[in-house]
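Structure, as C-alpha cells:
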Amino acid sequence: MDRVKGKVAVVTGAASGIGEASARLLAKEGASVAVTDIDDRNGKRVAEEITKAGGVAEFWHMDVTREQEVEQTFADVFKKFGKLHILVNSAGIPGYPKPTHETTSAEWDRVININLKGTFLCVKYAVPYILKTKEGGSVVNISSMLGLIGGEDPVYHASKGGVRLMTKSDATIYARDNIRFNSVHPGYILTPLFRGFSSRHPGGPEAFFKEFEEKIPMGRLGTAEDVANGVLFLASDESSYITGSELVIDGAMSII
Ligand code: NAP
1212 MDRVKGKVAV VTGAASGIGE ASARLLAKEG ASVAVTDIDD RNGKRVAEEI TKAGGVAEFW
1272 HMDVTREQEV EQTFADVFKK FGKLHILVNS AGIPGYPKPT HETTSAEWDR VININLKGTF
1332 LCVKYAVPYI LKTKEGGSVV NISSMLGLIG GEDPVYHASK GGVRLMTKSD ATIYARDNIR
1392 FNSVHPGYIL TPLFRGFSSR HPGGPEAFFK EFEEKIPMGR LGTAEDVANG VLFLASDESS
1452 YITGSELVID GAMSII
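Below is the structure:
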C-alpha cells in the first residue's frame, strides 16, 4: 500500500488494457490519477470506479496526436492537482502486418503519429510541470517486446523501437533534474487490442490464444496487471536509480 502516495500521475490510453490496469494500480497505491483517452465512455467508467473504490481519479478526453489538446490537458491536470510526478504513455494502436512496399503512407503516418509522436507530445507537455513540481518524476513509456526484436509489422516495430530510443535520450537529458525515463516491453498481453487479432484466426479466438500459449515459454499470455506491476515499480521511488532501462515483461517470449 501507498507505494506512490502523494504523487500525481497522468496515464494515456487509460480507458482500456495496460493503461487502465496501470491507472487502477497507481490509484490503489496512493497516487492521484488523470485517466486520459479518446474513449470517453470507458475512460469515465475507469475514473468513476477508482473513485468509488476510495482512490483519486478524474477523466480527461485527450487524443495524444492533437498537440493543443495535449497541452491543455497537462495544464488542466496541473491546475487541478497542483503537482505532476508520473507520466505513463500507454496509448497505442497495432500496425499493419504486411511488407513495407505494400504499406501506404497514410498507414505509416497513422501508427507513427499515435505511438511515437503521441509519446513525444505527452513528454513535451508533461516535463515543464514535473520540473515546476520540483520533486522529481518518472516517465514510463510502453514500447513492446517487438520494439526490441522487430518482426513482420514494419511500422509498428519502427514506432516501438523509436519509443525505446527516445526513452533513453530523455533519460540522459533529464537525469540531473531527477526525472527518470524507462521503457516497458510487453509480450503478448490479453487486452482488448490483442483480443482484436483473434477474430482473424480461422479457428476462432480459442485456437488463436492456444497457439500463442504454446509458443510462450511460460505457457500463458500476460495480463494487463502483469504489466501494470512493472509500471508501478518504475513509477515509484523503489526504482530511484533506474533510468534509461528497458523492462521486458513477456514470459521469456523474446528470448526464444
Ligand atoms: P488497448 O486495450 O487497445 O488500449 C489502448 C487505449 O489507447 C484504448 O483505449 C485506445 O482507444 C486508446 N487510444 C488509441 N488511440 C489513441 C489516441 N490517439 N489518443 C489517446 N488514446 C488512444 O491496448 P493495450 O493492449 O492496453 O495496449 C497499450 C499499449 O501497450 C499500446 O501502446 C500497445 O502498443 C502496447 N503493447 C500492447 C501489447 C499487447 O499484447 N496487448 C504488447 C506490447 C505492447 P480506442 O480503443 O478507442 O482505440
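Going letter by letter, the sequence shown gives residues 1212 to 1467 in our numbering. In this text, a Cβ means the ideal position worked out from N, Cα and C, and glycines have one as well.
Query                                                                                                              : Result
Touching by the beta-carbon criterion (3+ pairs, under 8 Å), the stretch 1346 to 1354 and the stretch 1440 to 1459 : yes
Contact belief for V1325 with V1275 at Cβ below 8 Å, rounded distance in angstroms                                 : A quick correction: the sequence has Ile, not Val, at residue 1325. The Cβ separation is near 6 Å, so the contact holds.
Check: D1274 C-beta below 7 Å from any heavy atom of ligand 1                                                      : yes
Nearest to H1368 (by Cα), restricted to the options T1344, P1397, Y1385                                            : P1397
For K1335, the nearest candidate out of V1281, G1224, F1420, R1387 (CA to CA)                                      : V1281
Residue environment, D1248, which counts as buried when at least 16 other CB atoms sit within 10 Å                 : buried
Continuous beta strand (DSSP E) assignments of at least 3 residues falling wholly in the stretch 1243 to 1326      : 1243 to 1248, 1267 to 1272, 1297 to 1300
Beta-carbon gap between V1219 and A1242 smaller than 8 Å                                                           : yes
Closest by C-alpha distance to D1251, when choosing among A1226, A1337, N1389                                      : A1226
Three-pair Cβ contact test at 8 Å for the stretch 1306 to 1320 versus the stretch 1256 to 1273                     : no
Check whether L1443 and E1259 have beta carbons under 8 Å apart                                                    : no
Completely contained alpha helix (DSSP H) runs for the stretch 1387 to 1425, where each covers 4 or more residues  : 1403 to 1409
Counterpart residues of S1349 in DSSP-defined beta bridges                                                         : I1297, R1391
Pairwise C-alpha distance: E1269 and I1384                                                                         : 31 Å
Whether I1360 touches S1465 by CB criterion (8 Å)                                                                  : yes
Distance cut-off 7 Å: N1393 Cβ against heavy atoms of ligand 2                                                     : Looking for ligand 2 in the displayed structure turns up nothing; the ligands present are ligand 1.
Spatial distance of K1294 from L1376 (CA atoms)                                                                    : 27 Å
Residues that DSSP places opposite L1458 in a beta bridge                                                          : V1395
Nearest-angstrom Cα separation, counted from P1403 out to I1409                                                    : Reading the sequence as shown, one finds Ser at residue 1409 and not Ile. Computed Cα separation, rounded: 10 Å.
Opening and closing residue of the alpha helix (DSSP H) in which V1221 lies                                        : Element bounds for V1221: not the alpha helix (DSSP H) but the beta strand (DSSP E), 1219 to 1222.
N1440 Cβ short of 7 Å to ligand 1 heavy atom set                                                                   : no
G1230 in three-state terms, based on DSSP                                                                          : helix
Near ligand 1: D1250 beta-carbon under 7 Å from a heavy atom                                                       : yes
N-terminal and C-terminal residue of the alpha helix (DSSP H) that L1445 is part of                                : 1435 to 1446
Opening and closing residue of the alpha helix (DSSP H) in which V1215 lies                                        : It is not in any alpha helix (DSSP H) - V1215 carries neither H nor E in the DSSP assignment.
Distance between F1423 and S1447 (C-alpha atoms, nearest Å)                                                        : 32 Å
Whole-angstrom distance between F1289 and N1300, CA atom to CA atom                                                : 17 Å
Distance between beta carbons of L1445 and Y1399, contact taken as under 8 Å                                       : About 21 Å; that fails the 8 Å criterion.
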